[in-house]
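Asks: Have a look at this one before I ask anything.
Protein chains in written order, with our numbering: chain Y, 53 to 632; chain H, 53 to 632.
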């Protein structure tokens, strides 16, 4: 009973052996996380086009839900609002043309769908779907989104209005509004950007050179947004910036996150479904990547389906408490782990602290200029842009480079959702194109050994009558027809050949299309006076062939090794090669 | 000059060495093809919802265009209207709600798009795209379409109106109309079905038993539609069936196929584009399969891009001469080849004969009951249904079986286009799912040899400190993360392990995602005190790794063989195993 309850609620497992020492570490971690999370919650709500409290609400109950249902013991993942999902939320909702309360209600419907989809994927154990986002596509998506996020915040720095969900929409709008820039807002915004850059880069380096421990010196980097926000609040209050036309966050509803039912409008839900699916996928992939890299540091393992369920629970909690889509944040998780936090309790503590922030600090936050939040978003996301990785990927394999570049450009020029769809479709297409012309090597025997190698790379011995081919690819539908063509060509060029041995050491799968092709090849070779044989067929592949009626028609043999095949079909050549 | 002209127009190559003997064979073939084609042209035009002359027009100029631009020398492919494309044409056009001349004009626009797409694919050398239609998907599609075609023709047998492009639409409509069936029409229709079945099956068998040569006896099968059409025409004229309410083909415009410009309506063309892409793909796949199987019989080869261009030219000719989408027909091509036709001239002769049919026979065809055409369609397509193949595929690999069954059911229950899209998407998804959890075997040394085999299948010798893993799959994005997880598990279960050797004999590709994963695995193993090595890496894979910066960070070694790895990392075990 207790153990099944522990399986369902992994937080309970944490409590065994939970001591004061670990609690102290977790509490310290939670404190640092909430100091970082407070400005982020406000900023990402602004990025999503939502009022500030949506970000704070998304930082309380979702953290509890994740700690209760999803967290892996030993991994202190920091869940909550994140920049990329906030951008995706905005670009999913903007085309609907809603505003005010209707926009907020649609955001909750979207969050509900994200939560339901994640929970569904967890229950159906479909976490493998996340694998379709290849690393290059993710890298291109993150860089593209970061640039787009930065571009979308420029209007807050200028104090103007300019909407758009891709660069071709944003740039002309910003350009047209440039003359209408608001001086004081611009001063506050650029000042914040400058201060943030100084606090994050040069200052930690200076402190370190002055003899501070690196971990202490890095605190300046980590807490930079909080310092800037504090300073800006002070300035805003002293100079009464809001009365000078600088847009501020405004009144934040300080009520507790209550139970809010997302509107259940079937037409709206259907409209939002594709966006929700993409948000769920991206949020899950980001979260699982962070979880795995943190788990590896502690020699722990992550169960993807459990993680999926936890993310689903967190998003459902966000949907029912007035939040926005949530996922794990890398910067916040890293700060928690660095400070010694090791258990999901860090999420519980963070939620409690964020509740205090909501109740006690909101009257203060009212005066915070939006330009300061924009500055903190811009400086944060610019760190995510990694164009060197594009160059590295391109050099390694142009197909992957194309997928990464297309995703990046797709996000910037069309939008976040089309960008990721383009990337996934292209990476699938390019992969299939790659495997549709597999590497087929004519192989010969290495003198003095039983090994067979490509005749174009090694000085090997070839038989006159036995053609040995090694196929370096699984045989399946994209390459089934190419195999037929290639074998026909090779045999046509060698009139003395009487046997063809297909060396299957690289064949991990023969699907139904390739099975048809093999039968076709066998029949065609047969009527040309050539007998087809197989060698080095892997266990699972052979088992499957035996289950079909292939061997009822196949007159050739299946040899354990290519050497065994040659020993029987052309013993003289095999012997000569071995004794050379 | 001449040779480049010959390359552009393969028909010219045929003329070298073309003698009276071959001309005689080709003419005989053309005669048999046009006897078969005449009723088919009328029937498939009816199936596509077009007037009878569209089918005849599609049987003249397109054949000339194909013979001129596309035909492979030595392969006598019979191009023209085919049943499945006629069905696809009807289901592409019906949702537009057009009728009469507008419907005909839309059909020409569709044919134009099909021709342009095929020519474009040929010029861009994208023929490999056709490979994405796996054999199970094609098989499911053909069986499903055949059933749907048969169902769609039942209304003509009953003499009622019942539209629909899937079974859930057709069946209720037919059921409701059943009481309104027209007696004389039903008698003509069922009579034709019965006669066709007798002529195709029992009669040839009887003739053969009476001593006729099989090839002669099969003529009854081949010419059955023509005999039934002739008989029906006689009956229709004698009994004046049209005045008794039996619907007949009606007046066929007997003018020559003139130059008709398809309407160039951008909105319509955009609407028709997805359907045109599917028709082009299906037509090309069917044609290339027929060409390859006929070419193999004559020891000829087919150039896919040339074939693609020929199909494009044929469809463009159809679009500009009032036809409908065309492709190669298996039954007509087979009859031509069986009668000794061997060159593309058979298409030229067939076009000439069909011109005669159009000019001389159309006054006769006026009286042909539609029910007779419906009967010939039904009997012809029922031969395409192959449910045994579904069972065979299912038994071989359930993933392929699922794709085949889903395509078949998709076609029947939703429609031809959704059916094929479902099939292709599902076969891609299932393939990726399959490879997302690759077979990773722990291997050990076969006693007395240098070979390594799966420890679960063979009695092998394992080292205490060296873990040997064989990955039976390319390493790429769908399985990159699984590899990380699996290796972490395996190493965690073996505390004594100091070296892990990844045997890459089955790895044909390491993409950028897998490269990232390998680096992650290396770093994680390293901090756990385990060194990662590679063995038996294929040439192209190693070349690519060397081009990246992988080896700047990788501290392990790359061994030529797994045995060489063990010899260095645990020489004692390797020696003991070899001498056992």
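No residue lacks a Cβ here, since even glycine has one placed at the ideal position from N, Cα and C.
The structure displayed is predicted, hence computed values, not measured ones.
Mark residue 606 of chain Y as exposed unless 16 or more other C-beta atoms lie within 10 angstroms of its C-beta, in which case mark it buried.
Replies: Residue mapping note: residue 606 of chain Y aligns to position 554 of the first chain, counting from 1. Burial call: buried.
Asks: For a contact meaning CB atoms closer than 9 Å, what does residue 625 of chain H contact in chain Y?
Replies: Stepping through the second chain from its first residue, residue 625 of chain H is reached at position 573. Going along chain Y, no residue has its Cβ under 9 Å from residue 625 of chain H, so there is no contact; the nearest lies around 21 Å.
Asks: Can you give me, in chain order, the residues of the segment 385–418 of chain Y that have a beta carbon less than 8 Å from any beta carbon in chain H?
Replies: Correct list: empty, as no residue qualifies.
Asks: Would a C-beta distance cut-off of 9 Å place residue 503 of chain Y and residue 568 of chain H closer than the cut-off?
Replies: To locate residue 503 of chain Y, count along the first chain from 1; it is residue 451. To locate residue 568 of chain H, count along the second chain from 1; it is residue 516. No, Cβ-Cβ distance for residue 503 of chain Y and residue 568 of chain H is not below 9 Å.
Asks: Please list, in chain order, the residues of the segment 179–200 of chain Y that have any C-beta partner in chain H closer than 7 Å.
Replies: Hits within the stretch, in order: 180, 183, 184, 186, 187, 188.
Asks: Measure the alpha-carbon distance for residue 593 of chain Y versus residue 491 of chain H and round it to whole angstroms.
Replies: Numbered from 1 along the first chain, position 541 holds the residue referred to as residue 593 of chain Y. Numbered from 1 along the second chain, position 439 holds the residue referred to as residue 491 of chain H. Rounded to the nearest angstrom, the two C-alpha atoms are 11 Å apart.
Asks: Kindly indicate which residue of H:466, H:445, H:280 has the alpha-carbon position closest to the one of residue 427 of chain H.
Replies: The residue labelled residue 427 of chain H in the question sits at position 375 within the second chain. Comparing Cα-Cα distances from residue 427 of chain H to each of H:466, H:445, H:280, the minimum goes to H:280.
Asks: Can you list, in chain order, the residues of the segment 474–495 of chain Y whose Cβ is nearer than 8 Å to any Cβ on chain H?
Replies: Residues 479, 480, 483, 484, 485, 486, 487, 488, 489, 490, 491.
Asks: Would you mind working out which of Y:417, Y:562, Y:531 sits nearest residue 185 of chain H, comparing C-alpha positions?
Replies: As a first step, residue 185 of chain H is located in the second chain; it is residue number 133 there, counting from the start. Here the closest residue by C-alpha is Y:531.
Asks: What residues of chain H sit near residue 26 of chain Y, judged by a beta carbon separation below 8 Å?
Replies: This structure cannot speak to residue 26 of chain Y, because chain Y is shown only from 53 to 632.
Asks: Buried or exposed: where does residue 292 of chain H fall if 16 or more other Cβ atoms within 10 Å of its Cβ makes it buried?
Replies: Translated into the one-based positions of the second chain, residue 292 of chain H becomes position 240. That one is exposed.
Asks: Name the chain Y residues whose beta carbon is nearer than 8 Å to that of residue 557 of chain H?
Replies: Residue mapping note: residue 557 of chain H aligns to position 505 of the second chain, counting from 1. The contacting residues are 557, 558.
Asks: For residue 339 of chain H, collect the residues of the same chain with a Cβ closer than 8 Å to its Cβ; drop the 5 residues on either side in sequence, then sort them by chain order.
Replies: For the purposes of this step, residue 339 of chain H is taken as residue 287 along the second chain, with counting starting at 1. Correct list, in chain order: 129, 131, 359, 363, 379, 380.
Asks: Does residue 531 of chain H get closer than 9 Å to chain Y when you measure Cβ to Cβ?
Replies: For the purposes of this step, residue 531 of chain H is taken as the residue at position 479 of the second chain. With 9 Å as the cut-off, residue 531 of chain H counts as an interface residue toward chain Y.
Asks: Look at residue 333 of chain Y and residue 90 of chain Y and say whether their C-beta atoms are less than 9 Å apart.
Replies: The residue you call residue 333 of chain Y lines up with position 281 of the first chain. The residue you call residue 90 of chain Y lines up with position 38 of the first chain. No, these two residues do not count as a Cβ contact at 9 Å.
Asks: So that I know if they touch, is there some Cβ in chain H lying closer than 9 Å to that of residue 563 of chain Y?
Replies: By 1-based counting over the first chain, the position of residue 563 of chain Y is 511. Yes - at least one Cβ of chain H is within 9 Å of the one on residue 563 of chain Y.
Asks: For residue 53 of chain Y, name the three-state secondary structure that DSSP assigns.
Replies: On the first chain, residue 53 of chain Y is found 1 positions in, with the first residue counted as 1. Since pLDDT at residue 53 of chain Y reaches only 48, below the 50 mark, its modelled position is unreliable, and no value is offered.
Asks: Under three-state DSSP, which class holds residue 583 of chain H?
Replies: Along the second chain, one-based indexing puts residue 583 of chain H at 531. Here residue 583 of chain H sits in strand by DSSP.
Asks: How about residue 452 of chain Y: is its C-beta nearer than 9 Å to some C-beta of chain H?
Replies: As a working note, residue 452 of chain Y is residue 400 in the first chain. With 9 Å as the cut-off, residue 452 of chain Y counts as an interface residue toward chain H.
Asks: For the segment 268–296 of chain Y, list the alpha helix (DSSP H) runs that are entirely contained and at least 4 residues long, ordered along the chain.
Replies: Runs of the alpha helix (DSSP H) inside the segment 268–296 of chain Y: 276–291.
Asks: Under 9 Å, Cβ to Cβ, is there at least one residue of chain Y near residue 470 of chain H?
Replies: Mapped onto the second chain, residue 470 of chain H falls at position 418. No - not a single Cβ of chain Y is within 9 Å of the one on residue 470 of chain H.
Asks: Could you work out which residue in Y:116, Y:261, Y:424, Y:162 is closest to residue 401 of chain Y when comparing CA atoms only?
Replies: As a working mapping, residue 401 of chain Y is identified with position 349 in the first chain. Closest option to residue 401 of chain Y, Cα to Cα, is Y:116.
Asks: Which chain H residues are close to residue 500 of chain Y, counting only those with a beta carbon under 8 Å from its beta carbon?
Replies: Along the first chain, one-based indexing puts residue 500 of chain Y at 448. Going along chain H, no residue has its Cβ under 8 Å from residue 500 of chain Y, so there is no contact; the nearest lies around 13 Å.
Asks: Out of Y:221, Y:193, Y:118, point me to the one whose CA is closest to residue 203 of chain Y's CA.
Replies: Along the first chain, read from residue 1 onward, the residue named residue 203 of chain Y stands at position 151. Residue 203 of chain Y has its Cα closest to that of Y:221, out of Y:221, Y:193, Y:118.
Asks: In chain order, what residues of the segment 565–576 of chain Y put their CB closer than 7 Å to some CB of chain H?
Replies: Cβ contacts with chain H come from 565, 567, 568, 576.
Asks: Run through chain Y and tell me which residues come within less than 7 Å of residue 359 of chain H, C-beta to C-beta.
Replies: As a first step, residue 359 of chain H is located in the second chain; it is residue number 307 there, counting from the start. Neighbours of residue 359 of chain H on chain Y: none; closest Cβ ~12 Å, over 7 Å.
Asks: Excluding five sequence neighbours on each side, which residues of the same chain lie with their C-beta closer than 6 Å to the C-beta of residue 410 of chain Y?
Replies: Counted from its first residue, the first chain places residue 410 of chain Y at position 358. Cβ neighbours of residue 410 of chain Y beyond the five flanking positions: 108.
Asks: Indicate the three-state DSSP secondary structure (helix, strand or coil) for residue 520 of chain H in the structure shown.
Replies: Along the second chain, one-based indexing puts residue 520 of chain H at 468. Looking at residue 520 of chain H - three-state DSSP - the assignment turns out to be strand.
Asks: Pull up the CB-CB distance for residue 239 of chain Y and residue 229 of chain Y, whole angstroms please, since I reckon it's below 8 Å.
Replies: Within the first chain, residue 239 of chain Y is the residue found at index 187, counting from 1. Within the first chain, residue 229 of chain Y is the residue found at index 177, counting from 1. With 8 Å as the limit, residue 239 of chain Y and residue 229 of chain Y do not qualify as a contact, their Cβ atoms being about 17 Å apart.
Asks: For residue 267 of chain Y, count neighbouring C-beta atoms within 10 Å of its own C-beta (all shown protein chains included) and say buried if the count is 16 or more, exposed if not.
Replies: Here residue 267 of chain Y corresponds to residue number 215 of the first chain, with the count starting at 1. Counting Cβ neighbours within 10 Å, residue 267 of chain Y comes out exposed, since fewer than 16 surround it.
Asks: Which of helix, strand or coil does DSSP assign to residue 103 of chain Y?
Replies: Here the question's residue 103 of chain Y lines up with position 51 in the first chain. Coil at residue 103 of chain Y, not helix or strand.
Asks: Do the CB positions of residue 361 of chain H and residue 139 of chain H come within less than 9 Å of each other?
Replies: As a working mapping, residue 361 of chain H is identified with position 309 in the second chain. As a working mapping, residue 139 of chain H is identified with position 87 in the second chain. No.
Asks: If the cut is a Cβ gap below 9 Å, which residues of chain H does residue 525 of chain Y touch?
Replies: As a working mapping, residue 525 of chain Y is identified with position 473 in the first chain. Chain H residues near residue 525 of chain Y: 526, 560, 561.
Asks: Does residue 534 of chain Y have its Cβ less than 9 Å from a Cβ in chain H?
Replies: In the first chain, the residue the question calls residue 534 of chain Y occupies position 482. At least one chain H Cβ lies under 9 Å of residue 534 of chain Y.
Asks: Which bits of chain H does residue 590 of chain Y rub up against, with CB to CB less than 7 Å?
Replies: Position 538 of the first chain holds residue 590 of chain Y. Within chain H, the residues near residue 590 of chain Y are 524.
Asks: Residue ranges of each alpha helix (DSSP H) run of no fewer than 4 residues wholly in the segment 137–215 of chain H, ordered along the chain?
Replies: Entirely contained in the segment 137–215 of chain H, the alpha helix (DSSP H) runs reaching 4 residues are, in chain order, 152–175, 187–210.
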